[in-house]
Amino acid sequence: MTSMLNIISSLQQLASSSNFIPIDNIYTDGNDNENNENNENNENNENNENNENNDTYLCDEENTIINTTSGDKMFCKFAPLVDPLKYLLGKYTNDDLSILPSLNSVNGIPHVKLANNMNSSYVDCLFSRIISQSGFIHGVKYYGCRNGLKTNFKCNIDDDIDLLSDSEYFNENLNNGFSINHSMLPEYTNAGNISSKFREPIHIASDISNVSTLVDLSFESITKCTESYIVNDIDVSTLQECDIELPVETGDVFDLDNDDDTDASQSTCVTVCDSLSDENESQYFDDTNDEWSDESDVDDDVDECDSSASDNFEIVATINSLPCCMIVMGHCEDTLDNYICNNNVSQDEWKSILFQIIATLVHLQREYSFTHNDLHTCNIMYTNTSDEYIYYEHADNRFKVPSYGKIYKIIDFGRSIFTYNKQLYCSDSFSPGEDAHTQYNCEPYLNDNKPRIDPNYSFDLCRLGCSLFDVFVDDLDDIVELVASNPVIEMVSRWCNDDQNRNMLYRKDGSERYPEFKLYKMIARNVHHHIPSKEMYAPIFSDFVSEVIDESKTYWRL
């Protein structure tokens with residue numbers, strides 16, 4: 002009898018699918034290797050393996066599957082086992098990526114990244130399973146995972162089109178193993194923003210009617226600029242003094258897209274110190290000691306390029322076949338990013354949203370010493386609920402939090418670091434040569450020649466605050482008034498302060514302080530005062546504290 006995941010693999014065009022996931026060798030202490038080759042990596046193992054109910058499945062929309070028997074809706078995430086950008090740049094040309102990991106390598110020796118137990122996709126898969134099996138209210142249901150070769154893997158290359166268009170390999174191999182939707186880019190092919198391969202040819206007319214007019218042109222009519230033409234007697238006494246206030250560019254208010262869970266945020270945020278005096282504001286925008294003190298290879302870690310893409314559509318690359326880990330999860334309604342962009346969220350509902358996220362982090366930090374390391378509004382989703390309140394317990398304190406009909410859930414654990422059963426799991430995103438290398442400096446990728454930088458529990462709220470700021474503040478001139486009048490804005494703004502109460506993203510002149518991945522590195526080094534277990538006791542949440550225990554309710558222990 003065909004298993005559920007085999008059926009889904011076929012529906013989703015996942016070729017050569019395998020349920021052997023290398024990280025399971027650690028997860029099971031290596032004692033269950035035979036079962037690892039035969040199981041479905043999931044708590045509903047028996048039902049998935051045998052499909053006892055003879056359920057039928059169909060594709061509802063891209064990456065979404067419906068069990069037509071039960072009505073359950075599932076989402077299939079395809080987490081690439083190699084870097085799609087590096088693939089498009091030809092970094093794997095000498096490697097056979099079709100060999101998938103297998104027990105005792107019976108299928109051959111796979112690429113080292115596919116065989117790495119800590120591959121970011123395996124880490125994502127494992128933590129999704131762990132939080133689902135724990136039954137925590139803010140976990141997304143996990144059905145199972147499969148490795149395989151995803152046919153027509155699609156990835157957004159908006160931020161990388163300049164880099165790709167300058168790549169000889171990319172241009173020579175376009176439409177041979179991969180393609181892009183460049184037919185949708187007439188404005189770029191005309192504007193010269195894409196490689197000459199995509200530009201329209203220059204057409205030179207051959208029917209010039211009168212060439213003699215070109216030959217007869219002379220320079221005699223050009224007047225020589227002599228001193229007599231220079232005016233020095235300008236009377237400045239009549240000039241009036243004007244105060245000109247230049248606006249600070251902050252970007253589009255709702256431009257919160259971050260794509261690929263692998264690129265650093267380009268959102269900008271401004272925070273305000275506890276005291277809003279001019280003196281403290283000057284300290285807040287202090288530009289001293291901005292530079293790196295612990296390492297010199299600041300910009301050597303990642304390739305950075307400016308995006309020339311338009312907001313009107315996405316530039317998408319389609320790779321004919323790419324090794325991926327398919328993670329099958331419960332379906333969520335939407336991202337927090339889409340919800341706040343399309344709805345007028347009240348201050349009270351914002352309090353519920355922030356508390357739910359904080360509560361989730363408190364629980365995950367206590368249970369798993371967890372840091373997400375890329376928490377933003379697109380990595381938070383929600384499901385609908387009919388429960389009016391959510392009940393929590395923390396350190397003998399109880400909280401009754403209005404749900405506003407939504408349960409928020411953190412997703413995308415590809416950069417996570419956590420401990421489970423005394424085993425440290427650290428995504429290979431932090432290893433040398435990968436996109437998050439040098440964010441931290443600790444085991445298992447410790448460089449003894451540089452200062453130690455451990456993960457800290459303040460990172461996630463600071464990163465989230467940076468992605469939220471533009472939702473609340475359109476004009477930086479309004480920040481003082483907004484913070485004073487709105488406790489939600491005060492909290493989000495405060496999360497963006499470093500340990501010296503300085504803005505993490507703006508200098509005095511309004512320019513970005515730490516662009517792109519440099520922001521991540523500086524948060525890791527200079528932000529330590531935004532601990533979730535302390536933030537949940539902020540005055541903004543005082544209304545949630547409950548003195549009465551309702552024995553009929555389930556209290557989620559944080």
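By this note's numbering, the letter at position 291 of the sequence shown is numbered 292, and the numbering carries on one by one without gaps. C-beta: ideal position from N, C-alpha, C; glycine also.
So for residue i, helix, strand or coil by DSSP?
i      : result
Leu218 : Here the model assigns Leu218 a pLDDT of 49, short of 50, so the residue's position is not dependable and the matter cannot be decided.
Gly466 : helix
Glu305 : Summary for Glu305: the model assigns pLDDT 37, below 50, so the residue's position carries little reliability, and this model does not support an answer.
Asp335 : strand
Met5   : helix
Ile67  : strand
Ile1   : The structure shown does not extend to residue 1, since the chain spans only 2 to 559, so no value can be given for it.
Met382 : strand
His364 : helix
Tyr123 : helix
Leu323 : strand
Val402 : strand
Arg514 : coil
Arg147 : strand
Pro85  : helix
Leu425 : strand
Asp264 : In this prediction, Asp264 has a pLDDT of 38, which is less than 50 and means its spatial position is unreliable; nothing more can be read from the coordinates.
Glu552 : coil
Ser11  : helix
Phe542 : helix
Ile110 : coil
Leu175 : strand
Ile316 : coil
Asn105 : helix
Ala525 : helix
Within this structure, are the beta carbons of residue i and residue j separated by less than 7 Å?
i      : j      : result
Ser17  : Leu150 : yes
Ser417 : Val141 : no
His364 : Leu462 : no
Ile412 : Asn380 : yes
Cys146 : Cys326 : yes
Gly434 : Asn321 : no
Phe1   : Val402 : Absent from the structure is residue 1, since the part of the chain shown begins at 2 and ends at 559.
Cys77  : Gln13  : yes
Asn55  : Leu101 : no
Val329 : Met492 : no
Tyr392 : Ala525 : no
Tyr556 : Glu394 : yes
Phe470 : Thr372 : no
Arg1   : Leu376 : For the chain, the structure presents residues 2 to 559; residue 1 sits outside this window and is missing.
Tyr421 : Tyr340 : no
Tyr390 : Ser353 : no
Ser547 : Arg399 : yes
Leu82  : Leu115 : yes
Tyr383 : Lys407 : yes
Asp499 : Val474 : no
Ile66  : Ile9   : yes
Phe128 : Phe414 : yes
Leu59  : Thr70  : no
Pro324 : Leu98  : yes
Glu350 : Asn157 : no
Compute the beta-carbon to beta-carbon distance between residue i and residue j, rounded to the nearest angstrom, for a pair I have assumed lies under 8 Å.
i      : j      : result
Tyr409 : Ile359 : In fact, because the Cβ distance is near 10 Å, the residues do not count as touching under 8 Å.
Ser103 : Phe154 : Rounded, the Cβ-Cβ distance is 21 Å, inconsistent with contact.
Cys497 : Asn487 : That pair is no contact at about 15 Å.
Ser494 : Thr378 : Contact flag wrong, Cβ pair sits at about 16 Å.
Gln424 : Ile27  : 6 Å
Thr361 : His139 : 4 Å
Report yes or no: is there a C-beta of chain B within less than 7 Å of the C-beta of residue i?
i     : result
Gly72 : Although the question refers to chain B, the structure presented lacks it and comprises just one protein chain.
Does residue i pass the burial test, meaning 16 or more other C-beta atoms within 10 Å, or should it be called exposed?
i      : result
Lys586 : What is shown of the chain runs 2 to 559, which leaves residue 586 out entirely.
Asn385 : exposed
Glu444 : exposed
Ser553 : exposed
Thr57  : exposed
Ile24  : buried
Ser347 : exposed
Leu506 : buried
Val549 : exposed
Leu559 : buried
Whether or not the region 449 to 458 and the region 478 to 488 are in contact is what I'm after, with contact meaning three or more pairs of Cβ atoms, one per stretch, closer than 8 Å; do they touch?
Contact between the region 478 to 488 and the region 449 to 458 is absent: fewer than 3 CB-CB pairs across the two stretches fall below 8 Å.
When you compare the region 83 to 92 with the region 160 to 170, are there three or more beta-carbon pairs, one atom per stretch, that lie closer than 8 Å?
Verdict: yes, contact present.
Specify whether the region 537 to 548 and the region 512 to 522 touch according to this definition: at least 3 beta carbon pairs, one from each stretch, less than 8 Å apart.
no
The region 113 to 133 touching the region 421 to 429, judged by at least three CB pairs closer than 8 Å
yes
Is the region 88 to 107 close to the region 164 to 173, with three or more CB pairs under 8 Å?
The region 88 to 107, when compared against the region 164 to 173, does touch it at the 8 Å Cβ threshold.
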